[in-house]
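Residue numbers are given in the UniProt record's numbering: position 42 of the sequence shown equals residue 42, and the series is strictly consecutive.
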Amino acid sequence: MSTLLRTLRNLRRVGLKDFGHQLQNIGDTKAGTFIAMDKYGNKYFENLAEELPLRTRWVDYKDHEFDPSQIEPGWHAWISYMVDKPPSEDPLLQRQVREWEPKEHRPTLTWSRSGFKTYSTTKNKYSAWTPVAKPRQ
Numbered sequence: 001m002s003t004l005l006r007t008l009r010n011l012r013r014v015g016l017k018d019f020g021h022q023l024q025n026i027g028d029t030k031a032g033t034f035i036a037m038d039k040y041g042n043k044y045f046e047n048l049a050e051e052l053p054l055r056t057r058w059v060d061y062k063d064h065e066f067d068p069s070q071i072e073p074g075w076h077a078w079i080s081y082m083v084d085k086p087p088s089e090d091p092l093l094q095r096q097v098r099e100w101e102p103k104e105h106r107p108t109l110t111w112s113r114s115g116f117k118t119y120s121t122t123k124n125k126y127s128a129w130t131p132v133a134k135p136r137q
């Protein structure tokens with residue numbers, strides 16, 4: 001969490017609407033340089049001057065219900081400091097679909113109804129006991 005002075009400074013920089021959006025979504029206020037927007041509508045920012053090391057880059061997800069798998073691989077490499085240039089500036093990271101890559105990026109569906117659910121084909125070692133009572137006379 002940021003200090004009160006830093007929070008007020010960021011309120012002045014980003015405006016009231018983005019200030020409320022940041023507090024609601026990420027719980028902190030950040031002001032930085034807009035780098036680019038990907039094809040899913042996620043916005044990427046960077047602030048090298050005021051943020052702590054390894055916290056200088058962040059993403060503002062388009063959806064409120066976000067999942068880190070909604071970031072494309074090139075942007076994920078930039079966010080996690082594997083590369084210095086964002087994919088919008090680096091020609092090597094330009095997203096080109098190869099034959100072996102999927103045609104479209106799909107996020108992980110683990111906690112949704114479409115998520116993969118395992119099932120067992122082996123017989124249980126234990127079976128549930130159902131009591132059998134003799135009828136009363």
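Cβ coordinates follow ideal geometry from the N, Cα and C atoms, glycine included.
Counterpart residues of residue i in DSSP-defined beta bridges
i, result
"K43", "M37 and D60"
Spatial distance of residue i from residue j (CA atoms)
i, j, result
"T108", "F66", "11 Å"
"L4", "L16", "16 Å"
"T122", "P135", "36 Å"
"K85", "W78", "7 Å"
"A49", "D90", "23 Å"
"V132", "S120", "29 Å"
"N124", "R113", "26 Å"
Where residue i sits in the DSSP three-state scheme
i, result
"V14", "helix"
"I26", "coil"
"W129", "coil"
"L109", "coil"
"residue 140", "With the chain running from 1 to 137 in the structure shown, residue 140 is simply not present."
Distance CB(residue i)-CB(residue j) smaller than 9 Å
i, j, result
"W75", "N42", "yes"
"Y44", "D60", "yes"
"E46", "T56", "yes"
"L54", "Y81", "yes"
"A36", "S88", "yes"
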